[in-house]
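Numbering (mature numbering (1 follows the signal peptide of the UniProt record, and there is no 0)), first residue to last: -19 to -1, 1 to 443. Where a beta carbon is used, it is the ideal one built from N, C-alpha and C, also for glycine. Quick caveat: nothing in here was measured; it's all calculated off a predicted structure. So the structure is just underneath, and the comments pick up after that.
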């Protein structure tokens, strides 16, 4: 009897949530879909906009969390960004499907999804380039073919070549010394980027994102930083150059997690290309300057990879279900990767949270910082590490940490204020007449004259 009740409740919950619809969504449809998911799961979702496109369309984000709109200390933030190139549409549709899936499975009390939503703050942006998508979709409806139709934004700019170039600075710093993280932006950076790019930059500076993936199309491979090679060679010209980050092994693992959970990416042969394990260093494939994944790594605490998910940039509607089934597990597993390495709080002696404290790991020349609430997150592979926390005005603290393959290790720091060193005492000469320093035993002229007169013999009356 209990089994019948369970089946009835499952069917009732399934009926309350509309079944997944495998079709392409224009801008208005996309907005309706986001709010539909929010209305079905209002207690774990929030819809917000980070800005507008050139044509005024909102850049919407759907957030999943047990406390939407609130950062919970020690709970990591992760994001997915789709449709950066307007004509690469599979990522957009997959993220809409993922949103429906997370909502439905949470309501069905799928413990894996419940745990993910309760322990993670997830941000999903289905389209970074809604203007470009509308151009690409209109061309598809009119059966107009074109490999690049709708790729750029409404100003004709490729958004994945529009971020400030920080690679040039990091390559110089690696050779000559200098900061290895949170590289500053030029003063006039806002005038050099498109509205969509500016909105994303301000977004990733406002949230302490730890992990991210950018969904593209035109190939099937998981691409990890750096995207720009030291020599910045272009594909087809001489040779490409593998350009690893200090976290190269970690990035390779993140890419393999997605590739091997994907239905066929890990096989390597896709779209006429071969990538061992279905992954590649971006610069070893082709050099790309001013890309988003390198910018995330060099300007924030966020580790981002780029997922190329389909040979056809605008797959037919009938192919969407197969693509969803091939990517569903990979999309979930990648989100779960944010829960590894170490995390903790950085506080002072009075238990006040310290923001912007620097967390350094011995042997890895890339630091991260604590967020506004004093919490930090450092993705690491299993192993033993020497970790140091530093902050201006405080003595550094160093600990040895062994990281396992499962949950992140909690490592808190309590920094002590630096004690000002007493300056060596210096003898200060006595100040003399009118503030002048007089030699020892030298008296003012008036005093000497008076003394001389007193020593002269007194003459009597004549």
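Residue burial classification, residue i (beta-carbon count within 10 angstroms, cutoff 16)
i: residue 200; result: buried
i: residue 302; result: exposed
i: residue 156; result: exposed
i: residue 231; result: buried
i: residue 383; result: exposed
i: residue 299; result: exposed
i: residue 264; result: buried
i: residue 111; result: buried
i: residue 381; result: exposed
i: residue 391; result: exposed
i: residue 159; result: exposed
i: residue 290; result: buried
i: residue 132; result: buried
i: residue -8; result: Low local confidence applies: a pLDDT of 39 at residue -8 is under 50, so the model's placement there is unreliable, with the coordinate-based value given in what follows. Exposed, by the Cβ-count rule.
i: residue 78; result: buried
i: residue 233; result: buried
i: residue 34; result: buried
i: residue 224; result: buried
i: residue 184; result: buried
i: residue 365; result: exposed
i: residue 207; result: buried
i: residue 30; result: exposed
i: residue 60; result: buried
i: residue 356; result: buried
i: residue 416; result: Below a pLDDT of 50, predicted positions are generally treated as unreliable, and residue 416, at 39, falls in that range; no measurement from the model is reported.
i: residue 332; result: exposed
i: residue 261; result: buried
i: residue 269; result: buried
i: residue 504; result: Outside the displayed range of the chain (-19 to 443) lies residue 504, so it cannot be described from this structure.
i: residue 209; result: buried
i: residue 359; result: buried
i: residue 73; result: buried
i: residue 58; result: buried
Enclosing alpha helix (DSSP H) for residue i [first to last residue]
i: residue 87; result: 71 to 88
i: residue 96; result: 92 to 100
i: residue 53; result: Careful: residue 53 lies outside any alpha helix (DSSP H) and carries neither H nor E.
i: residue 240; result: 229 to 242
i: residue 265; result: 263 to 266
Boundaries of the beta strand (DSSP E) in which residue i is found, first to last residue
i: residue 44; result: 39 to 45
i: residue 364; result: 364 to 371
i: residue 457; result: The chain is shown only over -19 to 443; residue 457 falls outside these bounds and no answer can be derived.
i: residue 12; result: Where residue 12 is concerned, there is no enclosing beta strand (DSSP E), although the alpha helix (DSSP H) it sits in stretches over 8 to 21.
i: residue 195; result: 190 to 197
i: residue 396; result: 394 to 396
i: residue 381; result: 378 to 384
i: residue 204; result: 200 to 205
Integer Cβ distance of residue i from residue j, believed to fall under 8 Å
i: residue 283; j: residue 192; result: 7 Å
i: residue 367; j: residue 377; result: Not really, about 12 Å apart at Cβ, beyond 8 Å.
i: residue 240; j: residue 180; result: That pair is no contact at about 30 Å.
i: residue 103; j: residue 45; result: 4 Å
i: residue 279; j: residue 164; result: 5 Å
i: residue 107; j: residue 134; result: Incorrect: roughly 16 Å between the Cβ atoms, too far for contact.
i: residue 115; j: residue 7; result: 7 Å
i: residue 26; j: residue 316; result: No, residue 26 and residue 316 are not in contact; Cβ-Cβ is about 15 Å, not under 8 Å.
i: residue 305; j: residue 3; result: 7 Å
i: residue 105; j: residue 76; result: 5 Å
i: residue 18; j: residue 43; result: 6 Å
i: residue 142; j: residue 271; result: 5 Å
i: residue 113; j: residue 68; result: 7 Å
i: residue 5; j: residue 118; result: 7 Å
i: residue 242; j: residue 353; result: Residue 242 to residue 353, Cβ: 33 Å. No contact.
i: residue 266; j: residue 226; result: Residue 266 to residue 226, Cβ: 15 Å. No contact.
Cutoff 8 Å: residue i Cβ touching any chain B Cβ
i: residue 75; result: Protein chain content of the structure displayed is limited to a single chain, and chain B is not contained in it.
Please specify which runs of the beta strand (DSSP E), each continuous and at least 3 residues long, are wholly inside the stretch 278 to 358, giving them in chain order.
284 to 291, 323 to 329, 339 to 342, 345 to 350
At least 3 beta-carbon pairs within less than 8 Å: the stretch 15 to 23 vs the stretch 83 to 95
yes
Contact between the stretch 344 to 352 and the stretch 313 to 322 is defined here as three or more beta-carbon pairs at a separation below 8 Å; is this criterion met?
no
Check whether the stretch 332 to 340 and the stretch 304 to 320 are in contact - that is, three or more C-beta pairs closer than 8 Å.
no
Could you check whether the stretch 116 to 130 touches the stretch 41 to 51, counting it as contact only if at least three pairs of C-beta atoms, one from each stretch, sit closer than 8 Å?
no
Pairs of beta-carbons, one from the stretch 131 to 148 and one from the stretch 266 to 278, closer than 8 Å: are there three or more?
yes
Please give the ranges of any alpha helix (DSSP H) in the stretch 94 to 175, keeping only runs that are unbroken, at least 4 residues long and fully inside the region.
111 to 122, 148 to 157
Check whether the stretch 196 to 211 and the stretch 279 to 290 are in contact - that is, three or more C-beta pairs closer than 8 Å.
yes
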